[in-house]
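These notes concern the structure reproduced below.
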Amino acid sequence: MKTKLNISEPSPTCPFRVEAAQYTPVTPEDDGLTLVFLHAMSLHKETFAPMIEHFLATTSTGIKDVWSIDNPNSGRSSVLNQDLLAGPSYREYWSAAEYARATYSFLTSPAHGVNFSTRRIVGLAHSSAVSALMMLIHAKAFSSQKKPLQFAAIILLDPALLPPEFPSTEILSSMFGKFASTKREKWSTRAAARQYLAAHPAFKAWETRALQLFVECALREGSSSEVVLSCSRAQEAAFYLSPTTDFKAQPVEIFMELARADALHIHLITCLKDEYKGQTKPSKEFQIAQVRSTTRGSVQLLDRGGHMFPQVEPTLCAEAIQRALSGETKARL
30 MKTKLNISEP SPTCPFRVEA AQYTPVTPED DGLTLVFLHA MSLHKETFAP MIEHFLATTS
90 TGIKDVWSID NPNSGRSSVL NQDLLAGPSY REYWSAAEYA RATYSFLTSP AHGVNFSTRR
150 IVGLAHSSAV SALMMLIHAK AFSSQKKPLQ FAAIILLDPA LLPPEFPSTE ILSSMFGKFA
210 STKREKWSTR AAARQYLAAH PAFKAWETRA LQLFVECALR EGSSSEVVLS CSRAQEAAFY
270 LSPTTDFKAQ PVEIFMELAR ADALHIHLIT CLKDEYKGQT KPSKEFQIAQ VRSTTRGSVQ
330 LLDRGGHMFP QVEPTLCAEA IQRALSGETK ARL
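The sequence shown runs 30 to 362 under our numbering.
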């Protein structure tokens with residue numbers, strides 16, 4: 030496997046620089062699938078590396094390459110965009126639409142030399158990034174190309190698609206917003222951060238390398254000698270507490286529209302046992318019912334790992350993705 034970093038410059042659809050990692054299998058298939066991963070809020074593109082490496086080591090055919098794209102306010106991309114992120118427009122604001130625009134900007138950039146409009150793309154997103162993926166699929170306003178981006182299939186990893194009419198949606202948004210606004214944001218060294226996070230309830234179950242990658246990639250150098258969260262507490266809290274966008278359709282509505290149309294293969298991988306005291310059960314039951322109503326999708330229920338199973342159980346996650354893709358790697362979609 031080869032790994033390469035690529036950076037796109039600001040574009041008419043996105044004011045940020047965006048970094049992505051490209052993973053190429055030892056024997057790429059010319060007409061194989063291109064997988065594009067989007068990460069959860071406050072994480073980073075490298076968070077999928079342990080899972081992707083296992084996936085490519087055990088998946089011998091059907092894959093051309095794999096890409097993991099930073100949210101512009103996260104990971105190494107946050108360092109590239111720090112001046113803009115610290116300005117009045119973004120200091121206390123963020124939305125899934127920014128990630129959708131950034132992903133589109135990267136995928137249509139000439140910087141990496143890849144014409145994604147000719148690729149058989151599978152979009153994979155975890156948690157809150159599923160909202161960005163929905164917008165990316167739906168937003169025809171992004172497209173200035175003669176041949177817009179098309180997706181052969183999508184894989185949703187424990188999606189945070191929360192119907193607004195569910196009481197649990199308000200409870201979860203408040204819970205996540207409070208957690209984000211009160212979390213610790215700086216440490217004297219990365220070693221101190223790792224020691225703290227390894228004992229924290231939100232991180233202590235993570236696979237060892239996934240935790241180390243968080244320390245390396247989700248923290249940046251602060252204004253003095255400390256290290257700080259790349260994604261600020263204010264932006265993360267704003268994302269959860271004010272989930273409005275300038276899109277006409279909300280992510281849940283787009284998801285329902287895709288399920289009704291039954292034209293796109295939708296694969297849902299979720300864990301019913303999570304960390305949120307049963308509050309996600311109504312939305313998960315809703316998501317499962319939507320995907321099971323289609324003729325082209327699939328549902329997998331994992332028995333461990335919780336909401337963060339890509340980080341807690343990267344091997345289990347890779348195997349689930351392999352099952353979801355078992356037909357896609359052979360089909361001409």
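Where a beta carbon is used, it is the ideal one built from N, C-alpha and C, also for glycine.
Of the listed residues the options, nearest to residue i (C-alpha basis)
| i | options | result |
| --- | --- | --- |
| K93 | N110, G206, A140, L62 | L62 |
| A247 | E286, A129, P139, P101 | P101 |
| M372 | L287, G335, E357 | Absent from the model: residue 372. The displayed extent of the chain is 30 to 362, so no value can be given. |
| A158 | P39, A181, L190 | L190 |
| V320 | H296, K310, H336 | H296 |
| R238 | T76, M30, N35 | T76 |
| S254 | A267, A290, L293, W216 | W216 |
| Q279 | G334, I166, R213, A222 | I166 |
| S327 | S203, I183, K302 | I183 |
| H229 | R213, T218, R219 | R213 |
| A220 | G206, S203, V257, T198 | V257 |
| T323 | A78, R289, S210, G104 | R289 |
| A181 | G206, S103, V151 | V151 |
| L109 | E48, S355, S156, D60 | E48 |
| M80 | D112, Q340, R46 | Q340 |
Buried versus exposed call for residue i [16 or more other C-beta atoms within 10 Å across all chains shown]
| i | result |
| --- | --- |
| R148 | buried |
| K313 | buried |
| H363 | Nothing in the structure corresponds to residue 363, since the chain is present only between 30 and 362. |
| L153 | buried |
| T309 | buried |
| L34 | exposed |
| G142 | exposed |
| A50 | buried |
| G307 | exposed |
Chain-order list of residues whose beta-carbon lies under 7 Å from that of residue i (same chain, five-residue window excluded)
| i | result |
| --- | --- |
| E58 | T90, G91, I92, K93 |
| R120 | A263 |
| F338 | D187, C300, L331, L345, C346 |
| F84 | A347, I350, Q351 |
| K175 | Confidence at K175 is low in this model, with a pLDDT of 47, below 50, so its placement is unreliable and no value can be given for it. |
| E250 | V256 |
| M30 | Y52, T53, P54, V55, E82, L85 |
Whole-number beta carbon distance between residue j and residue i, since they are thought to touch under 8 Å
| i | j | result |
| --- | --- | --- |
| S259 | S107 | 4 Å |
| T299 | L270 | 24 Å between Cβ atoms; not a contact. |
| M411 | S156 | The question about residue 411 has no answer here: the residues shown for the chain are numbered 30 through 362. |
Contact check, residue i vs residue j, beta carbons under 7 Å
| i | j | result |
| --- | --- | --- |
| S97 | F135 | no |
| C43 | A140 | no |
| A267 | Y122 | yes |
| A161 | A129 | yes |
Own chain partners of residue i with C-beta closer than 8 Å, once the 5 adjacent residues on each side are dropped
| i | result |
| --- | --- |
| F232 | L226, L240, F243 |
| Y305 | L201, M204, H336 |
| I283 | M163, M164, I166, H167 |
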